[in-house]
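Taking this note's numbering, I'd label the letters of the sequence shown as residues 12 to 276.
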Amino acid sequence: MTNYSNSRLSTFQQCKFRYKLQYIDKEKPDFEHTAETFMGGLVHEILEKLYRELKGGFLNTKERLVEFYEKEWDENWKDDNVKIVREGLTSDYYKAMGKNFIENYYERNKPFTQAKVVDIETEDFIDLKDDNKYHIRIDRLVKSEDGTYFVCDYKTNKNMKSQGEVDEDRQLAMYSLWVKNHFEDCKNVKLIWYFLAHNMELVSERTEEQLKKLKEDIENEIIEIEACTDFETNKTPLCGWCGFKNKCPEWQNERNSSLLKYKNV
């Protein structure tokens, strides 16, 4: 039995060698976060705080949330464990970016009375065949009076997906399958992506047939993963954000070539 997730499946698709190091060999990466993932995780934490305390009857001010964000940033940023990949950028740049995301989101969505918050940071599993499981983690689950559930997900990366891309996205689609299976009063599920860098949202839905096929596709992909014996490398521009780059033979060859050129100068 193995627990799978969207990130685990995506890692296999992107680079089988990294998949082996991370999930099979369980190697420790060279750094815990990139600047983007550190900032994204902290923004998620602030929005979780906003809605969790709102559910308890307390509405945070925008200023209080920003103050908490900046305090957490200063206390938790460590230069030796957060990698800045993009040249010329600094911790302050990413800190200001996250602050901007929080402020814009707050202004766009206040007073936060649109629908009932069912749960925040929901975690569970969907059963798959061969005793495997698929990990569910929903940023925010909301319900309207007509029985529609909303699976809400915050995205802090700079690239905004198209409507066609979210209509094909499997992460939130699998989450909607979990919602349908767990709430008897569920009449419909809508998936909402909050693209914080653009201060915009996209909404999508799935049919029962689409969800059935998606689950089957994931189960078949897992069969491929578990049968894999050749964990080949895949050199792309994304390698700069990989914590296993120094263990990769593709980059080892490049380092050796650069060293040889240096010695021959």
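For every residue, glycine included, the Cβ atom is placed at its ideal position computed from N, Cα and C.
Cut-off 6 Å between Cβ atoms - residues of its own chain near residue i, not counting five sequence neighbours on either side
i: residue 127; result: 154
i: residue 41; result: 254 and 257
i: residue 14; result: 144 and 146
i: residue 184; result: 217 and 225
i: residue 30; result: 22 and 23
i: residue 277; result: Residue 277 falls outside the range modelled here, since the chain spans only 12 to 276, and no answer is possible.
i: residue 6; result: Nothing can be reported for residue 6, as the shown portion of the chain is limited to 12 through 276.
Identity of the residue in the options nearest residue i by Cα
i: residue 164; options: 85, 58 and 255; result: 58
i: residue 37; options: 254, 262 and 76; result: 254
i: residue 200; options: 217, 251, 207 and 208; result: 217
i: residue 134; options: 197, 30, 190 and 100; result: 190
i: residue 100; options: 29, 158 and 46; result: 46
i: residue 243; options: 229, 180, 138 and 27; result: 27
i: residue 102; options: 208, 183 and 48; result: 48
i: residue 116; options: 67, 159 and 166; result: 166
i: residue 129; options: 181, 67 and 259; result: 67
i: residue 219; options: 197, 188, 112 and 209; result: 188
i: residue 148; options: 168, 156, 182 and 118; result: 182
i: residue 119; options: 73, 152, 91 and 86; result: 73
i: residue 162; options: 169, 197 and 142; result: 197
i: residue 195; options: 159, 86 and 169; result: 159
i: residue 56; options: 91, 88 and 132; result: 132
i: residue 178; options: 192, 221, 157 and 90; result: 221
i: residue 207; options: 245, 168 and 193; result: 168
i: residue 223; options: 156, 245 and 192; result: 192
Residues near residue i by beta carbon distance below 7 Å, same chain, minus five either side
i: residue 109; result: 50, 53, 54 and 80
i: residue 227; result: none
i: residue 84; result: 53 and 106
i: residue 19; result: 34
i: residue 209; result: 171
i: residue 77; result: 110, 113 and 114
Residue burial classification, residue i (beta-carbon count within 10 angstroms, cutoff 16)
i: residue 270; result: Residue placement at residue 270 is poorly supported in this model, since its pLDDT is 40, which falls under 50; the coordinates still yield a value, given next. It counts as exposed.
i: residue 71; result: buried
i: residue 247; result: exposed
i: residue 263; result: exposed
i: residue 150; result: buried
i: residue 104; result: exposed
i: residue 240; result: exposed
i: residue 44; result: buried
i: residue 17; result: buried
i: residue 140; result: exposed
i: residue 249; result: exposed
i: residue 94; result: buried
i: residue 75; result: exposed
i: residue 260; result: exposed
is_contact[residue i, chain D] using C-beta, thresh 8 Å
i: residue 102; result: Structure shown: chain D not included; a single protein chain is present.
Residues of its chain near residue i, where Cβ-Cβ distance is below 8 Å and the 5 sequence neighbours each way are ignored
i: residue 11; result: Because the chain here runs from 12 to 276, residue 11 falls outside it and cannot be looked at.
i: residue 251; result: 96
i: residue 229; result: 15, 20, 139, 145, 181 and 185
i: residue 136; result: 14, 144, 145, 146 and 147
Using a Cβ distance threshold of 8 Å, determine whether the segment 219–235 contacts the segment 12–31, with at least three qualifying pairs required.
Taking a contact to require three or more Cβ pairs closer than 8 Å, the segment 219–235 and the segment 12–31 qualify as touching.
Within the segment 15–43, ranges of the beta strand (DSSP E) (whole runs, at least 3 residues):
none
Those runs of the beta strand (DSSP E) which lie wholly inside the segment 150–218 and span at least 3 residues:
159–166, 199–206 and 211–215
Per the contact definition of three or more C-beta pairs closer than 8 Å, is the segment 210–221 in contact with the segment 172–188?
A contact is defined here as three or more CB-CB pairs under 8 Å, and the segment 172–188 meets this definition with respect to the segment 210–221.
List in chain order: all unbroken alpha helix (DSSP H) runs of 4+ residues lying wholly within the segment 40–126.
46–66, 73–87 and 102–120
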